[in-house]
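Undergrad: Structure below; questions to follow.
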DNA sequence: CGCTTCTTGCTGCGGCGCAACATTAAAATC
DNA sequence: GATTTTAATGTTGCGCCGCAGCAAGAAGCG
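Residue numbers (our numbering), protein chains in the order written: chain V, 7 to 168; chain A, 7 to 168.
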């Protein structure tokens with residue numbers, strides 16, 4: 007798990023071009039497989055989120071798409087809903103913001119978000135053992151868990167070095 | 007941990023009167039110990055939250071306090087800030103709402119929230135092993151965690167029985 | 001082509017959260 | 001006790017968040 011976490015947090019000098027285009031390619035494949043339509047609007051929203059690993063609020067997304075016509079908030083939310091339903095985007099609850107998923111995990115897989123308070127980047131790690139343990143223990147307590155939400159704020163290694 | 011989770015989720019037929027007054031007493035003790043002032047406003051906000059184990063939004067709190075004068079939102083937020091800083095109230099990020107703390111844990115202790123989607127009640131359990139494991143593994147990944155946020159939505163045992 | 005379905009646009013609204021400043025109340029100091 | 005200092009509350013205002021309800025346009029299908 008340690009390695010998974012390390013591997014997953016975006017390094018400031020990774021090949022982000024490649025990273026983003028891989029995510030787009032995955033989105034296309036995912037939608038094709040599910041017979042879902044990755045429309046221009048949805049693609050634009052996803053690309054806006056893929057421009058960095060920092061979560062964006064809906065209104066920030068609007069600003070970035072505001073080339074000719076400025077889309078209404080509801081338009082963005084609908085695109086985000088679609089992308090989330092298809093596991094392409096996550097909502098960061100503690101930020102009221104959204105990040106593109108670069109992890110290619112199953113739709114209902116548990117994910118741990120590492121949120122750097124310095125650079126704002128968000129890393130996404132498989133929940134793995136810890137999440138399963140949480141589910142198991144809450145189940146043992148008579149609670150029927152849907153899926154745990156785990157967000158960890160802190161300082162990433164790259165920011166700490168500086 | 008299993009027992010802790012079970013013990014902590016509020017049963018619909020627990021002695022809530024006692025539960026709430028104990029929390030108030032603890033708040034007074036806590037504030038006295040820290041030389042902090044539990045003003046009428048702050049006490050009222052805490053009591054509003056203690057009226058149930060369901061998280062309340064800031065504007066719901068306003069409605070409940072609206073006896074004579076309707077406090078402004080900022081007033082509530084300031085009271086909530088104070089109560090949170092003193093570990094008397096938690097914010098449920100996934101709900102944009104707040105619950106009174108009935109767990110008497112240390113200020114920076116890790117807490118797991120069990121949120122029943124049926125009755126809306128929130129149980130609070132010591133994060134214990136799972137939270138420590140999360141911190142440890144994120145630290146091993148070079149990440150310096152502040153404190154993990156763990157919220158688990160699902161159905162509580164009392165609602166499931168019905 | 002006409003129909004159905006999906007997607008997007010438009011209008012409007014309410015909750016959330018706080019900044020900046022003014023006012024009042026409580027502590028501290030003399 | 002009067003004054004100064006500090007803390008708490010009130011007032012005004014604003015921007016983001018998230019969606020309901022309805023209308024219009026685009027894509028798929030027989």
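In this text, a Cβ means the ideal position worked out from N, Cα and C, and glycines have one as well. These figures come from a predicted structure and were not determined experimentally.
(1) Could you check if residue 65 (chain A) is buried or exposed, using at least 16 other CB atoms within 10 Å of its CB as the buried criterion?
(2) Out of V:47, V:154 and V:39, point me to the one whose CA is closest to residue 99 (chain V)'s CA.
(3) Quick check on residue 20 (chain V): buried or exposed, where buried means 16 or more other Cβ atoms within 10 Å of its Cβ?
(4) Am I right that residue 60 (chain V) and residue 126 (chain V) are in contact with their C-beta atoms under 8 angstroms? What's the rounded C-beta distance?
(5) Quick one, are the C-beta atoms of residue 47 (chain V) and residue 103 (chain V) less than 7 angstroms apart?
(6) Could you tell me the alpha carbon to alpha carbon distance between residue 166 (chain V) and residue 141 (chain A), rounded to whole angstroms?
(7) Rounded to a whole number of angstroms, what is the C-alpha to C-alpha distance between residue 28 (chain A) and residue 105 (chain V)?
(8) For the alpha helix (DSSP H) that contains residue 96 (chain A), what are its first and last residues?
(9) With respect to the alpha helix (DSSP H) encompassing residue 79 (chain A), which residues constitute its N-terminal and C-terminal limits?
(10) Below 9 angstroms on C-beta distance, what does residue 118 (chain V) contact in chain A?
(11) In the structure shown, what three-state DSSP assignment does residue 126 (chain A) receive?
(12) Have a look at residue 137 (chain A) and residue 76 (chain V) and give me their C-alpha separation to the nearest angstrom.
(13) I want to see whether chain A comes within less than 7 angstroms of residue 162 (chain V), judged by CB atoms only; does it?
(14) So the candidates are A:58, A:148 and A:107; which of them puts its Cα closest to the Cα of residue 36 (chain A)?
(15) Closest Cβ-Cβ distance between residue 159 (chain A) and chain V: below 7 angstroms?
TA: The short version:
(1) For the purposes of this step, residue 65 (chain A) is taken as residue 59 along the second chain, with counting starting at 1. Exposed: under 16 other Cβ atoms inside 10 Å.
(2) Position 93 of the first chain, counting from 1, holds the residue named residue 99 (chain V). Nearest option by C-alpha distance: V:154.
(3) Here the question's residue 20 (chain V) lines up with position 14 in the first chain. It counts as exposed.
(4) On the first chain, residue 60 (chain V) is found 54 positions in, with the first residue counted as 1. On the first chain, residue 126 (chain V) is found 120 positions in, with the first residue counted as 1. So it is a contact: roughly 4 angstroms between Cβ atoms.
(5) Here residue 47 (chain V) refers to the residue found at position 41 when the first chain is read from its first residue. Here residue 103 (chain V) refers to the residue found at position 97 when the first chain is read from its first residue. In this structure, residue 47 (chain V) keeps its C-beta atom at 7 angstroms or more from the C-beta atom of residue 103 (chain V).
(6) Within the first chain, numbered from 1, the residue matching residue 166 (chain V) stands at position 160. Within the second chain, numbered from 1, the residue matching residue 141 (chain A) stands at position 135. Straight-line Cα distance between these residues: approximately 16 angstroms.
(7) If you number the second chain from 1, residue 28 (chain A) lands on position 22. If you number the first chain from 1, residue 105 (chain V) lands on position 99. Cα to Cα, residue 28 (chain A) sits roughly 42 angstroms from residue 105 (chain V).
(8) Here residue 96 (chain A) corresponds to residue number 90 of the second chain, with the count starting at 1. No alpha helix (DSSP H) contains residue 96 (chain A), which is instead part of the beta strand (DSSP E) from 95–98.
(9) What you label residue 79 (chain A) is simply residue 73 of the second chain in a count that begins at 1. From DSSP, the alpha helix (DSSP H) with residue 79 (chain A) extends over 79–91.
(10) Counting from one through the first chain, the residue named residue 118 (chain V) turns up at place 112. When 9 angstroms is used as the limit between beta carbons, residue 118 (chain V) is near these residues of chain A: 140, 143, 144 and 154, in chain order.
(11) Position 120 of the second chain holds residue 126 (chain A). Coil at residue 126 (chain A), not helix or strand.
(12) In the second chain, residue 137 (chain A) corresponds to position 131, counting from 1. In the first chain, residue 76 (chain V) corresponds to position 70, counting from 1. The alpha-carbon atoms of residue 137 (chain A) and residue 76 (chain V) are separated by roughly 43 angstroms.
(13) On the first chain, residue 162 (chain V) is found 156 positions in, with the first residue counted as 1. With its beta carbon less than 7 angstroms from one in chain A, residue 162 (chain V) belongs to the interface.
(14) The sequence position of residue 36 (chain A) within the second chain is 30, counting from 1. The shortest Cα separation from residue 36 (chain A) among A:58, A:148 and A:107 belongs to A:107.
(15) Position 153 of the second chain holds residue 159 (chain A). Judged by the 7 angstroms Cβ criterion, residue 159 (chain A) is in contact with chain V.
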